[in-house]
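Below is one structure, written out as structure tokens; the observations come after it.
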Amino acid sequence: GNSVTQMEGPVTLSEEAFLTINCTYTATGYPSLFWYVQYPGEGLQLLLKATKADDKGSNKGFEATYRKETTSFHLEKGSVQVSDSAVYFCARLRGGSEKLVFGKGMKLTVNP
Amino acid sequence: ETGVTQSPTHLIKTRGQQVTLRCSSQSGHNTVSWYQQALGQGPQFIFQYYREEENGRGNFPPRFSGLQFPNYSSELNVNALELDDSALYLCASSPAITGDGYTFGSGTRLTVV
Chain A
97 GNSVTQMEGP VTLSEEAFLT INCTYTATGY PSLFWYVQYP GEGLQLLLKA
147 TKADDKGSNK GFEATYRKET TSFHLEKGSV QVSDSAVYFC ARLRGGSEKL
197 VFGKGMKLTV NP
Chain B
288 ETGVTQSPTH LIKTRGQQVT LRCSSQSGHN TVSWYQQALG QGPQFIFQYY
338 REEENGRGNF PPRFSGLQFP NYSSELNVNA LELDDSALYL CASSPAITGD
388 GYTFGSGTRL TVV
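Respectively, the protein sequence lines represent chains A and B. Per my numbering, residue 97 is the first one in the first sequence, and the count goes up by one each step. Per my numbering, residue 288 is the first one in the second sequence, and the count goes up by one each step.
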């Protein structure tokens with residue numbers, strides 16, 4: 097079916113460590129792909145997005161590349177900070193659809 | 288430019304009761320969508336409202352209903368509350384009926400006891 101699978105946490109890293117959060121999707125056609133972040137006690141904020149194959153979304157040092165051949169949209173950051181501690185959600189949107197489909201989310205804690 | 292605001296922020300209800308949650312959309316946005324986020328899960332699409340009519344619905348029973356008003360604000364109503372309805376309810380507005388360009392509110396935390 098149409099779904100989003102992301103690696104489950106929780107994950108704890110030290111400051112300045114490298115971060116990868118895996119995300120794969122199933123969908124008909126070529127969906128748009130998103131990463132959302134949820135800080136403690138807050139709603140979702142769009143972190144980055146990509147709308148077609150080979151697009152790279154980037155924001156605040158985070159990057160993700162839309163890989164059609166592997167149906168993946170892995171999130172990476174070269175050097176995490178304590179302020180990156182949050183829950184990260186991968187999501188996909190089929191063309192013309194009103195409905196975002198989210199993964200289960202991954203909680204990241206970054207220690208000083 | 289104001290963002291999406293939701294009220295109340297927290298709410299405790301008893302099983303079987305009814306609840307109404309409110310959402311004011313971001314300025315310039317005419318579409319409102321509602322999501323349910325259970326603890327430890329990703330948000331699940333409930334429904335979307337555009338021009339005061341429902342425009343798409345997820346896998347939720349009819350006791351979940353909604354309204355959109357001429358100023359594009361919206362309400363989510365849940366009747367006959369069940370314990371499993373305990374969740375964070377997120378409202379998102381967008382400038383179009385597609386799901387791109389969503390701005391999310393901070394949510395209403397509903398606890399059913």
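Backbone N, C-alpha and C fix where the C-beta goes; we use that ideal spot for every residue, glycine too.
{"Check": "Cys150 (chain A) classed as buried or exposed, judged by whether at least 16 other C-beta atoms fall within 10 angstroms", "Outcome": "Note on identity: in this sequence residue 150 (chain A) is Asp, with Cys being the wrong assignment. Asp150 (chain A) is exposed by the Cβ-count criterion."}
{"Check": "Residues in the region 131–146 of chain A having any Cβ partner in chain B nearer than 9 Å", "Outcome": "Tyr132, Gln134, Gly137, Glu138, Gly139, Leu140, Gln141, Leu142 and Lys145"}
{"Check": "Collapsed DSSP secondary structure at Ser179 (chain A) in the structure displayed", "Outcome": "helix"}
{"Check": "Residue range of the beta strand (DSSP E) that includes Phe114 (chain A)", "Outcome": "Premise fails: Phe114 (chain A) is in no beta strand (DSSP E) and is neither H nor E."}
{"Check": "Chain B contact residues for Phe185 (chain A), given Cβ-Cβ distances below 7 Å", "Outcome": "Gly329"}
{"Check": "Which listed residue (B:Ile333, B:Tyr389 and B:Gly327) has its alpha carbon closest to that of Val365 (chain B)", "Outcome": "B:Ile333"}
{"Check": "Candidates B:Gln323, B:Gly315 and B:Ser352, of which the one nearest Leu375 (chain B) by Cα", "Outcome": "B:Gln323"}
{"Check": "Residue range of the beta strand (DSSP E) that includes Ala146 (chain A)", "Outcome": "Leu140 to Ala146"}
{"Check": "Environment of Asp371 (chain B) [buried if 16+ CB atoms lie within 10 Å]", "Outcome": "exposed"}
{"Check": "Amino acids of chain B, ordered along the chain, whose beta-carbon sits closer than 8 Å to that of Glu165 (chain A)", "Outcome": "In chain order: nothing, as chain B lies at least about 23 Å away."}
{"Check": "Buried or exposed by the 16-neighbour rule on C-beta atoms within 10 Å, applied to Gly315 (chain B)", "Outcome": "exposed"}
{"Check": "Cross-strand partners of Ala187 (chain A) (DSSP beta bridge)", "Outcome": "A:Phe130 and A:Phe198"}
{"Check": "Proximal chain B residues relative to Phe198 (chain A), where beta-carbon distance stays under 7 Å", "Outcome": "Gly329 and Pro330"}
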